[in-house]
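There are 4 protein chains.
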Amino acid sequence: MINKIKCNIAKDTSFPFNNNASFCIGTGRMGLALQKAYHDQLKMVQDEIGFSHIRGHGLFCDDMAIYQQYEENGVVKTEYNFTYLDMVIDDYISLGLKPFVELGFMPHKMASDTQTVFYWKGNVTPPKDYEKWANLIKATLLHWIDRYGLEEVITWPFEVWNEPNLTSFWKNADMQEYFKLYEISAKAVKEVDSRIRIGGPAICGVDDERWLKEFLSYCSKNKLPLDIVTRHAYATELPDRVGHYDYQKLRAPEVFLDELKISREIIDSFPEYKGMEMHITEFNTSYTPKNPIHDTNLNAAYTARLLSEMGDTCASYSYWTFGDIFEEQGVAFTPFSGCFGLVANGMIPKPTFWTFSFFKQLTGSCIARDKNYILTKDENDVIRGIVWNPVEEIHGEADIDLSFQLPLDNGKYVIISKLVDENTCNPLKTWLDIGSPNYPSEKELALIKSCANPLTSTQRKTISDKKLDLSFLLKRNALLYFEVKKIHPQVDRGFQPERIQGAHKLETK
Amino acid sequence: MINKIKCNIAKDTSFPFNNNASFCIGTGRMGLALQKAYHDQLKMVQDEIGFSHIRGHGLFCDDMAIYQQYEENGVVKTEYNFTYLDMVIDDYISLGLKPFVELGFMPHKMASDTQTVFYWKGNVTPPKDYEKWANLIKATLLHWIDRYGLEEVITWPFEVWNEPNLTSFWKNADMQEYFKLYEISAKAVKEVDSRIRIGGPAICGVDDERWLKEFLSYCSKNKLPLDIVTRHAYATELPDRVGHYDYQKLRAPEVFLDELKISREIIDSFPEYKGMEMHITEFNTSYTPKNPIHDTNLNAAYTARLLSEMGDTCASYSYWTFGDIFEEQGVAFTPFSGCFGLVANGMIPKPTFWTFSFFKQLTGSCIARDKNYILTKDENDVIRGIVWNPVEEIHGEADIDLSFQLPLDNGKYVIISKLVDENTCNPLKTWLDIGSPNYPSEKELALIKSCANPLTSTQRKTISDKKLDLSFLLKRNALLYFEVKKIHPQVDRGFQPERIQGAHKLETK
Amino acid sequence: MINKIKCNIAKDTSFPFNNNASFCIGTGRMGLALQKAYHDQLKMVQDEIGFSHIRGHGLFCDDMAIYQQYEENGVVKTEYNFTYLDMVIDDYISLGLKPFVELGFMPHKMASDTQTVFYWKGNVTPPKDYEKWANLIKATLLHWIDRYGLEEVITWPFEVWNEPNLTSFWKNADMQEYFKLYEISAKAVKEVDSRIRIGGPAICGVDDERWLKEFLSYCSKNKLPLDIVTRHAYATELPDRVGHYDYQKLRAPEVFLDELKISREIIDSFPEYKGMEMHITEFNTSYTPKNPIHDTNLNAAYTARLLSEMGDTCASYSYWTFGDIFEEQGVAFTPFSGCFGLVANGMIPKPTFWTFSFFKQLTGSCIARDKNYILTKDENDVIRGIVWNPVEEIHGEADIDLSFQLPLDNGKYVIISKLVDENTCNPLKTWLDIGSPNYPSEKELALIKSCANPLTSTQRKTISDKKLDLSFLLKRNALLYFEVKKIHPQVDRGFQPERIQGAHKLETK
Amino acid sequence: MINKIKCNIAKDTSFPFNNNASFCIGTGRMGLALQKAYHDQLKMVQDEIGFSHIRGHGLFCDDMAIYQQYEENGVVKTEYNFTYLDMVIDDYISLGLKPFVELGFMPHKMASDTQTVFYWKGNVTPPKDYEKWANLIKATLLHWIDRYGLEEVITWPFEVWNEPNLTSFWKNADMQEYFKLYEISAKAVKEVDSRIRIGGPAICGVDDERWLKEFLSYCSKNKLPLDIVTRHAYATELPDRVGHYDYQKLRAPEVFLDELKISREIIDSFPEYKGMEMHITEFNTSYTPKNPIHDTNLNAAYTARLLSEMGDTCASYSYWTFGDIFEEQGVAFTPFSGCFGLVANGMIPKPTFWTFSFFKQLTGSCIARDKNYILTKDENDVIRGIVWNPVEEIHGEADIDLSFQLPLDNGKYVIISKLVDENTCNPLKTWLDIGSPNYPSEKELALIKSCANPLTSTQRKTISDKKLDLSFLLKRNALLYFEVKKIHPQVDRGFQPERIQGAHKLETK
């Protein structure tokens with residue numbers, strides 16, 4: 037079955053499109069940022085995509101060793117240790133990243149209870165003493181200002197805690213207690229410098245409307261500092277857990293996008309918060325690090341749709357996460373473990389890595405946008421587009437034949453395309469084909485990586501009737517980027533392609 | 037038109053095949069080895085292919101600055117300067133290369149006349165004073181032994197001069213004068229250490245039979261040192277020169293190979309030289325650095341045939357040359373100038389780069405060989421093959437459908453293939469498509485390079501009847517490498533591919 | 037006060053000296069080997085010194101995630117995860133290191149009790165089920181053999197547990213329980229391959245004589261596999277703990293060395309173990325990671341004495357540790373925290389780094405050795421020496437004037453020296469001078485590092501009476517390496533040093 | 037003999053000082069910029085010092101291959117080849133450098149005569165056809181604008197030819213012909229873009245006053261474009277040539293500086309040119325690449341004086357040259373050949389390398405300046421100084437005891453010093469001591485490099501009477517950089533230096 041889609045683009049059309057895809061990226065707990073493999077994966081992401089900010093959990097967890105107590109003359113005193121924190125933030129900065137700071141979780145010596153979340157045991161209970169918590173925040177900020185300068189630190193957004201609307205992340209999902217935490221944290225931040233932007237409630241999509249309304253009401257009523265609103269969004273149903281893996285059903289992208297619109301409307305319904313930036317500080321298809329969908333081409337194609345529309349409501353949307361050094365459910369047993377990353381362990385870019393790389397290229401104004409494509413035109417009249425064909429049915433076949441008619445000046449053009457589909461750029465398939473080795477050798481990794489790049493093609497066209505007809509056949513779960521650019525061919529003296537044995541024909545009409 | 041070729045391989049077949057493809061590689065004049073771009077291209081070649089030796093002209097040319105004269109009290113004296121030579125050889129060694137030393141050309145202060153060859157003006161006349169020439173050779177060898185150790189230097193083969201059978205390379209192509217040069221050079225070398233291997237006559241395919249016979253007779257009669265015989269071989273007719281380019285007709289590969297067989301027979305006809313190693317110290321399709329055929333996929337496919345059979349007669353065959361930093365006819369005006377290299381300027385691997393990379397993989401015994409393919413099996417029963425389809429007619433179409441039946445144990449297998457054809461790995465096409473810019477920008481180079489790698493694919497097969505049917509459709513000028521390897525799939529606990537949204541079907545029968 | 041020491045060396049003198057200084061180096065827990073800073077420090081050590089093996093704790097601790105349990109149909113089952121282990125050992129191998137494997141500590145799910153050691157909480161209790169322990173060992177070894185090959189793995193020495201003679205490292209320091217652990221571990225290892233070398237008892241210097249005798253008797257009586265004997269050795273008294281620091285008194289080096297001799301004698305008193313290799317799998321001056329002595333020049337000079345004599349009794353002696361990424365007592369608050377490393381955090385080589393670098397140079401036979409010096413002569417008659425002057429008294433002054441008379445052929449010589457003393461190579465001092473910043477900036481680190489290299493000097497001497505008088509003035513805690521080498525000066529044509537404005541006088545008699 | 041110099045600095049003193057030391061650096065002919073060793077040396081210079089511009093000869097020389105002719109239908113036509121030029125300028129830009137463009141020398145096919153300069157044979161005769169010369173300039177500029185953008189290219193200063201006042205550099209040193217060349221070149225440049233800055237006459241110190249006056253008169257009278265005035269300056273008398281070396285006498289620095297003042301006055305005497313920037317596009321002590329003075333510590337100390345005062349009259353002063361890949365008098369036979377570079381072949385920084393590194397540090401206002409020192413204070417009250425003691429007499433001894441009294445707030449300070457003198461940072465000495473090997477091995481180079489860094493020391497001082505007394509003993513030819521900086525010591529909990537065995541005493545009063 038081939039689905040035919042046509043799109044004629046008129047000369048001065050324009051569509052809404054805010055390309056915030058590379059503002060922020062997610063990461064596993066901060067302690068992992070000390071690891072070499074983490075650094076190498078993040079560097080690979082930054083070299084190709086170049087995100088601006090990075091956000092993850094665990095700033096105040098015990099493995100970062102910041103909050104310390106000691107006894108002196110029978111009195112318990114506090115001291116702070118920034119040795120590891122400096123290593124992490126120095127490294128981020130060297131990679132061109134600023135932290136999007138999540139204030140959490142609780143140092144166990146400051147915690148009021150013992151409840152933890154994850155394999156790595158983050159304490160998720162309120163502080164025994166809120167003053168100590170405020171002091172910890174202030175000490176950390178002051179240390180950062182000392183090391184990186186105030187002008188730098190005020191460009192880092194701050195967010196209070198993570199998903200307090202879940203009992204697993206915040207004891208009893210106690211809303212009033214969270215508001216208290218927010219209030220004290222936000223005031224502590226502003227005490228250091230009023231220009232530092234702070235926000236919450238960092239909720240996920242469970243009882244989210246009520247939480248958001250109550251949170252905004254509380255802030256409004258108490259005139260709390262609030263600069264940004266943050267939440268999370270995932271696109272799957274509940275998982276069926278088998279061994280190391282979770283299987284889930286993907287929701288329609290519209291369902292996902294509508295959830296954000298509702299949040300947007302709630303915010304805008306408060307006059308004092310109307311238009312305030314909403315940041316999606318986590319999003320992905322599945323919310324478990326054990327769903328192999330993350331490793332597929334479907335994930336890349338599905339995410340493309342999200343990136344083309346999330347900017348309608350959100351100032352940023354942080355894909356959870358950049359890489360697979362991640363320990364929330366333990367250490368992965370294989371390189372394709374269904375973890376969140378854009379990069380699999382072994383330095384393998386997954387298909388979705390390219391979705392972000394492609395969106396990074398889109399600049400200028402949007403000249404076409406629909407469920408399966410988006411096109412932009414820049415100030416030099418270069419047209420760029422991304423097209424995609426997610427097929428959610430397992431082993432389902434549903435090719436799309438996408439045709440565009442572009443209005444263009446006459447002249448010679450090159451069309452450059454980069455194809456990511458199940459045959460050309462599918463490292464999961466290669467790994468399976470070689471026997472899905474748990475611990476691949478260096479040689480096996482090299483092979484897998486050689487199957488993890490887009491297939492780039494070029495084509496020359498001469499336009500003499502002011503329009504270009506372009507068409508792409510997208511197989512299931514294909515993602516394709518293209519560029520249409522005017523060229524001014526140069527011909528070196530004596531160069532006659534038609535006389536070269538082995539030369540191809542220059543232009544196919 | 038599709039040409040069908042079938043090949044059933046019986047269990048214990050074996051074919052002759054000496055894989056000497058990576059023994060030696062050619063290079064432009066030695067002075068260019070000081071350049072950064074030369075080093076970078078050579079490093080790229082060594083990282084992927086890893087040749088053992090490197091041979092080129094110009095060791096004693098003026099730009100290397102080795103031979104120096106000065107006057108003292110009215111007497112002209114000699115001194116040697118090894119500053120640049122050390123830089124070059126140190127760099128070769130750091131890249132895993134040994135020199136295959138060509139003794140030539142003549143320092144102009146030692147030359148008997150002014151005739152030069154090439155844009156870079158190598159003097160091609162006999163020495164004024166043969167004793168000074170012998171001294172120069174000895175001084176250079178002694179310096180090398182001092183710097184690199186005798187045990188290392190005796191692994192470097194030596195050859196006297198270059199193509200003395202052409203008037204452009206040796207004044208008047210004077211045979212007797214060459215024999216004199218050979219005699220004095222060979223004795224100088226042996227005087228330093230008798231284990232150093234020396235040879236000649238380094239001729240190309242012009243009047244070559246007579247030259248070879250006379251040379252061997254002369255050596256034999258005069259009991260000269262002779263350890264290896266060297267010659268060159270190219271596969272094209274005379275050029276038609278237009279602007280910066282030369283257009284020529286390629287000869288059939290059989291013509292090329294037969295020329296070598298005749299040389300082999302001449303050598304073997306001398307009882308004392310029977311079986312002596314013959315080294316092809318230069319070969320390529322075209323012998324001019326201005327024929328764009330070098331940049332094509334045809335060149336890659338055609339060369340594959342040569343590499344599969346040249347070992348029948350030759351101990352080595354040095355592709356002329358590794359890269360396009362080369363000045364024999366001046367400096368190239370564009371990155372695809374028809375120069376000899378495996379790598380084009382701008383660090384672009386040409387299709388033929390992959391021919392050598394693929395042959396490097398062939399190990400073990402040969403189980404099939406014909407005009408369009410060669411297959412080997414190694415000690416672990418891994419089968420590797422290369423298949424090719426050169427189409428010499430310009431714009432000619434002639435696909436090949438190649439089928440193999442391989443005898444294999446039952447079990448699960450992966451087939452890995454790497455395809456280099458005009459659509460998937462054709463940087464010349466990409467460059468033309470973007471308007472053949474004379475001086476491409478970094479971004480344009482990145483695009484061209486992204487179109488210069490083989491398309492790697494994998495496929496799983498279960499064998500239950502002791503044989504595997506494999507087939508490849510080769511379009512014009514395609515080159516393909518494949519590997520058939522037994523696998524022992526591992527399945528992580530709970531991993532169920534058939535439940536993953538976005539997963540492909542594992543095995544296509 | 038200057039202490040004068042003279043040493044006249046006769047022509048054919050020779051002294052015992054086994055230079056095993058670079059056989060093995062210590063490391064913090066294996067989980068830290070995932071860190072980037074750990075890798076960078078270890079690379080620095082390997083680039084300069086190049087140890088052969090590395091040994092540390094924590095192979096089986098929970099952060100390495102190897103031992104895993106899961107429930108299936110109500111039954112608890114075991115699975116192993118080698119993802120992190122591969123990262124660590126791959127990295128070691130890429131740095132030229134083999135593991136000297138310590139089998140320990142106990143995965144908490146396999147442990148019989150909850151007692152832990154260190155900030156990082158290594159479980160130090162026997163296994164609940166010794167069969168599971170044996171299986172864990174065998175599974176790990178088999179995985180290694182699969183990944184690295186049997187021939188490689190049999191070159192890795194194995195040792196059972198760490199310091200079982202201390203209650204902090206082994207519950208109740210229960211000797212019989214340790215013997216059981218040893219027996220089962222050793223047999224498990226030999227079951228995989230009988231060539232893998234295994235040993236114990238890995239004790240420190242507490243009740244060590246009794247432990248060693250009993251252990252050897254037990255092995256002997258029960259005919260247990262035993263290939264090497266291992267123990268630890270430190271040179272300080274009990275600490276006085278103040279804040280983050282421990283202050284201790286250093287023992288005389290003779291006391292330290294005598295302890296090893298006694299162990300040697302105990303081993304040799306068993307006929308079946310006479311001459312068996314004794315490996316000191318940990319040694320250092322102080323045994324706490326909070327004693328700033330590790331960061332001093334005294335430490336470098338004191339260690340030199342140990343390295344010059346430990347080879348008399350031991351096959352190896354593993355300095356504890358290579359770097360300061362180390363968490364036994366928590367995370368260091370400053371770069372000079374008194375931790376064990378040769379390298380301080382921030383990539384700063386400490387003075388003792390150079391002690392090992394210098395000993396690495398000593399090759400050939402020993403021609404002089406005493407409390408403050410050691411000299412060797414190699415097969416090319418190059419004489420190398422190390423001299424040192426440890427002054428244990430705080431702020432004590434006690435310079436040494438060391439004079440050697442060396443028997444040498446007449447001719448020209450160069451004397452090269454590398455000085456590490458409190459003025460020239462003392463990063464601790466630099467750090468203190470700039471205000472001992474807890475978290476130094478990159479610029480401050482650059483300054484500290486520029487004060488952490490030896491001062492290299494050269495001097496020319498002409499010998500005409502067959503001997504060279506050399507003398508060195510060593511200030512307190514100085515360490516100096518020197519080399520005496522014959523030279524054959526070359527003089528370029530026209531080079532006249534005495535005519536150069538700004539040239540120094542060539543040779544000072 | 038010790039010369040005592042005292043300098044009491046009052047609180048608000050200020051001295052003139054324009055620190056233009058790192059605006060421009062010199063280089064050998066542009067063709068050498070293709071070499072790897074050239075690139076490596078230049079990268080070393082840029083990493084440590086970071087010049088803004090680079091100037092050298094040979095842009096239009098034949099080895100750059102820019103100007104090309106060919107015949108078509110019997111007509112000689114012109115074409116340009118920018119392949120090598122792009123490699124060079126791309127590399128400069130990647131190293132943070134802009135060209136300071138010298139327009140010259142003459143492509144031999146465009147030249148009116150055959151006279152050449154240097155071993156590398158730059159043609160120094162006027163063009164046969166000035167229109168072709170203008171076209172060459174314009175084509176080159178337009179290519180640069182195409183590749184690098186107009187906004188970039190207008191930041192590159194241009195200069196017409198090199199030292200036309202010498203017969204060796206300009207046929208007959210024909211002044212009127214030079215004015216013609218200048219006029220046509222300057223107009224060609226301005227035709228491309230009027231904002232590009234152009235200047236001349238690029239003369240050296242021979243008959244320079246007359247040349248400068250005539251040049252400015254000519255420009256003025258003919259209303260020629262003129263944006264900057266350029267000249268050269270060297271500080272030595274005529275050489276005595278012996279073998280590969282030249283020996284010369286250094287002039288007093290005052291003589292050198294006065295020559296520049298006269299030029300300045302001549303420029304300022306023209307009302308229309310008053311205050312116009314004067315650029316010294318070449319300077320050094322000796323003007324021959326064979327005078328070993330360049331390799332000495334005297335050169336470093338002498339140059340310091342020049343750098344402290346040249347900014348009084350000049351907008352820039354380009355040290356001739358950054359490295360020793362240089363061929364004007366042939367290829368050097370040894371690494372210390374008396375060539376101009378800051379870096380000797382083999383990647384060895386010479387003492388003068390550090391002079392430039394030190395001057396790069398001087399920022400803020402000048403608070404003291406005299407024949408042997410210069411001090412600055414920045415906006416954070418950090419005081420930096422450079423002191424020097426050049427002793428021109430061969431083997432002369434003349435130490436200086438330099439004392440400063442600095443007005444400072446009370447508090448704790450660190451004094452950081454970096455010493456470059458004949459004992460601590462003298463690679464020439466090391467090379468001589470090891471026998472001055474013509475072609476040092478990698479190991480010998482490592483040794484030499486380990487003797488080529490400043491000796492860095494630090495010292496703490498407490499000031500309680502508002503002033504700091506500092507003194508430095510400078511041995512012959514010493515150069516020293518220092519920094520005085522307030523510190524705010526941090527003391528980690530429990531850190532008690534006085535209890536550490538092996539710790540030094542913190543502060544020496």
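Protein chains in written order, with this note's numbering: chain A, 37 to 545; chain B, 37 to 545; chain C, 37 to 545; chain D, 37 to 545.
Beta carbons are placed, not taken as given, at the ideal position from N, Cα and C, and that holds for glycine.
Note that this is a predicted model, so its numbers are computed, not measured.
Measuring straight from C-alpha to C-alpha, what distance separates residue i and residue j?
i, j, result
"A/ASP435", "B/SER507", "26 angstroms"
"D/GLY236", "B/PHE96", "41 angstroms"
"D/LEU378", "D/LEU411", "23 angstroms"
"D/VAL278", "C/ARG529", "8 angstroms"
"D/GLU107", "B/THR324", "20 angstroms"
Give a yes or no on whether the C-beta atoms belonging to residue i and residue j are separated by under 9 angstroms.
i, j, result
"D/GLY471", "C/ILE523", "yes"
"B/ASP437", "B/ILE41", "yes"
Between residue i and residue j, how many whole angstroms is the CB-CB distance? I'm expecting something under 8 angstroms.
i, j, result
"A/LYS164", "A/ALA147", "7 angstroms"
"C/TRP206", "C/TYR218", "C/TRP206 to C/TYR218, Cβ: 11 angstroms. No contact."
According to DSSP, is residue i helix, strand or coil?
i, result
"B/GLY433", "Per the sequence shown, residue 433 of chain B should be read as Glu rather than Gly. Note: B/GLU433 maps to coil in three-state DSSP."
"D/ALA404", "strand"
"C/VAL189", "helix"
"D/MET123", "helix"
"C/PRO200", "coil"
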